[in-house]
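Enquirer: Here UniProt numbering is used: position 100 in the sequence shown is 100, and no number is missing along the way.
Take this structure, written in structure tokens, and hold onto it; I'll ask about it next.
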Amino acid sequence: MVWGCMESATKLGLGSSFHFQHDNDPKHTAENVKLWLLYNVLNQQYTPPQSPDLNSIEHLWDLLESKIRQHNISSKDMLKSVLKDEWENISTEETIKLVNSKPKRLQEVLERRWLSNQLLNSSLSFLNIFL
1 MVWGCMESAT KLGLGSSFHF QHDNDPKHTA ENVKLWLLYN VLNQQYTPPQ
51 SPDLNSIEHL WDLLESKIRQ HNISSKDMLK SVLKDEWENI STEETIKLVN
101 SKPKRLQEVL ERRWLSNQLL NSSLSFLNIF L
């Protein structure tokens, strides 16, 4: 998967200016992957595991899935073919749009976190009345 991302970065004309993001999932922390990234990726960005809102690739998978679901898949070979075709048909514009949506998604995560903390603090204050 990592190697496919590098190919996509080249296809988008990003050169070495892109940031490779991964979420510390075990498959991203295998020694061979760490070494490959160390020697091949200048900028790495780490996000917490299980943080799909911040990971653009998760939104790309959603886009790919929605495109695949438009087909009436009847065999494993057909699924492979449709996956390959739909992956290749994802436009540069769609990819850039997903990447550019990250600041908005980050803001939403921060707002939810703030709201969650506010609710937690309110609940604790309420409980303290009874303690």
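Backbone N, C-alpha and C fix where the C-beta goes; we use that ideal spot for every residue, glycine too.
Model, not experiment: these values are computed from the prediction.
#1: How big is the Cα-Cα spacing for residue 13 and residue 41?
#2: Measuring only the C-alpha atoms, how far is residue 111 from residue 105?
#3: Starting from the C-beta of residue 96, find all residues in its chain whose C-beta is less than 7 Å away, skip the five residues before and the five after it, and write them out in chain order.
#4: Please state the DSSP three-state secondary structure of residue 21.
#5: Have a look at residue 63 and residue 39 and give me their C-alpha separation to the nearest angstrom.
#6: Between which two residues does the alpha helix (DSSP H) harbouring residue 99 extend?
#7: Output the boundary residues of the alpha helix (DSSP H) element that contains residue 72.
#8: If you follow the alpha helix (DSSP H) that residue 33 is in, where does it begin and where does it stop?
#9: Can you check which of these residues, 20, 61 and 101, is closest to residue 132 by C-alpha distance?
Expert: So, from the data block:
#1: 15 Å
#2: For residue 111 and residue 105, the distance between alpha carbons rounds to 10 Å.
#3: none
#4: strand
#5: 31 Å
#6: 92-100
#7: Per DSSP, residue 72 belongs to no alpha helix (DSSP H) and is neither H nor E.
#8: 31-40
#9: Residue 132 falls outside the range modelled here, since the chain spans only 1 to 131, and no answer is possible.
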